[in-house]
Structures are given as structure tokens and as C-alpha cells.
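Taking the numbering used here as reference, the numbering of the sequence shown is continuous, increasing by one, and the terminal residue is 157. From the three backbone atoms N, C-alpha and C, an ideal C-beta is built for every residue, glycine too. Computed from a prediction, not measured in an experiment: that's the story for all the values here. Okay, so here's the structure we're looking at.
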Amino acid sequence: FAGLSEAVFYQNTCDPFPENEQPYLGNSTVNINISNPSSPDNSKKVLVIITTQPLFDGFSFQSGNLKYRSRYVLLNAETNLSYNFNYMHPGNYYVNTIYDSNGDLNFSSGDYINSNFDRPLNLSEEGSASVSVSIDFQIP
18 FAGLSEAVFY QNTCDPFPEN EQPYLGNSTV NINISNPSSP DNSKKVLVII
68 TTQPLFDGFS FQSGNLKYRS RYVLLNAETN LSYNFNYMHP GNYYVNTIYD
118 SNGDLNFSSG DYINSNFDRP LNLSEEGSAS VSVSIDFQIP
């Protein structure tokens, strides 16, 4: 998605359902700070996942809830990142992030995640919402 303004593989200028014909849609910004590892490798990726159901029950990862993905994007790792998701339907979402140390694009041993799991993101009709997430925990 490098250089793209939206996490889609087509240009939205020719969208058959333009945003102005769907006025209830909004946008959400995810702000990410990587504090662990202390020096992120910018050749690594950060995966941002937005779901409609939580991915964690306490400390247990609920892999079956990945089917509730609403949005996701891969970003080059930097200490501070921000990404804006357009055309989101109003609703209640959960945000999780992974610093993918081993390149498998999954929650795996050795990767880093946000220890405050399932950060809530609540988007109102025609609204804008933001959430801050800190990647600070290495998966054992």
C-alpha cells in the first residue's frame, strides 16, 4: 500500500458508489507509537487490524474472530505512525496492531503487539474518530 491513500487496490476516483452518495460514512485515524522494540527496523511491517468483535478474551487470542475484520493495512515500521481509514460505516470497532518481527503477518512468538488489547474505536454517522495505540509487548 506504499504511496496509496486508501487500503484498496483500485483508484477510488472511479468508484461506482462515490462517498458523496453514501453520506453516512466516516473516517477513522489510528495513531501508533512503537516503544518496544526500542529501535524499530523500517524494513519490518506493522499490521493494523480493525475488527467488529474483540480479538482477545483476557490474554487469550481468539483467532476465530479474525473473520470479523473490517479493515487492515500493512505499514512500514517507524517509531510514530498514523493511518486514516476512509469510507467506514458508523459503529463500534476494536483496533489491534502487530510489529511483525518474523514477516509471517500473524500474531506469533517474537512479534510485538499493543498490550492494551482491543482498543475501542467508536465512529458516528458522518463522523471522524481516532484512537492511539502503543506497541509495547513482545509475544513470548
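From A94, M105, P107, F102, residue whose alpha carbon lies closest to that of S60:
A94
Measuring straight from C-alpha to C-alpha, what distance separates V65 and F134?
12 Å
If you check the beta carbons only, do Y89 and I67 fall under 8 Å apart?
yes
For the beta strand (DSSP E) containing A146, name the first residue and the last one.
145-155
Using CA coordinates, which residue listed in E38, T69, V63 is at the minimum distance from I152?
V63
C-alpha distance - Y116 paired with Y129, whole-angstrom precision:
5 Å
Can you tell me whether L140 is buried or exposed, with buried defined as 16 or more other CB within 10 angstroms of its CB?
buried
Which of the three DSSP states, helix, strand or coil, is assigned to N48?
strand
Go through its chain and collect everything with a Cβ distance to T114's Cβ below 8 Å, but skip five positions before and after it.
V47, I49, V63, L64, V65, I66, I130, N131, V150, I152
Beta-bridge pairing of F78 - partner residues as DSSP gives them
F73
With distances taken from CA atoms, which of F124, I51, G108, Q155 is nearest S80?
F124
May I have the straight-line CA-CA distance separating P57 from L91, to the nearest angstrom?
15 Å
Member of A146, Q155, Y110, R136 whose CA lies at the smallest distance from the CA of V43
The question names Val, but residue 43 is Gly in the sequence shown. Comparing Cα-Cα distances from G43 to each of A146, Q155, Y110, R136, the minimum goes to A146.
On a Cα-Cα basis, can you pick out the residue from F154, G75, S52 that is closest to S126?
F154
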